[in-house]
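Novice:
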Amino acid sequence: MSLKVARVADITACSADTAAWVADITACSADTTAWVANITACSEDTAAWVADITACSEDTTARVANTTARSADTAACSEDTTAWAANITACSLLLHQYRFNPTFSVYLLVDVAFGSKK
């Protein structure tokens, strides 16, 4: 083999190696692009997930506040109902005394006008 033929063979082999190297670099670049796209998508998914968790936390906080307010309203209503029942009982007792003791209305007027002496 002459030197010229050997040199052409080396250049051809080098060209083939260069083409393979360029193909590897291109494939690596495509893999890197896909990897970056996956990382970006993952980051966007994570941001959406964090937003969902934040919204859920805010909803839970609002629900707890509403439940606390309802509990306070229920307690106040219970106290009002207890006071109302006591007033009804007292009124019933007064009506009962008036019914069976006609002079009770005079005592009641004196009591209201001058205060109880008991």
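Just so we're aligned: the sequence shown equals residues 2 to 119 in our numbering. Backbone N, C-alpha and C define an ideal beta-carbon position, used for all residues, glycine too.
1. S3 by DSSP, collapsed to three states: which one?
2. Might you give, ordered along the chain, the residues of its own chain that have their beta carbon closer than 8 Å to the beta carbon of W85, omitting 5 neighbours on each side?
3. Quick check: the Cα distance between T69 and T34, rounded to an integer number of angstroms?
4. What's the C-alpha gap between T62 and T83?
Specialist: On the basis of the coordinates in this document:
1. coil
2. Cβ-Cβ distances below 8 Å link W85 to nothing in the same chain once the five nearest sequence neighbours on each side are left out.
3. Using only the alpha carbons, I get a separation of about 52 Å.
4. Going by the C-alpha atoms only, they are around 31 Å apart.
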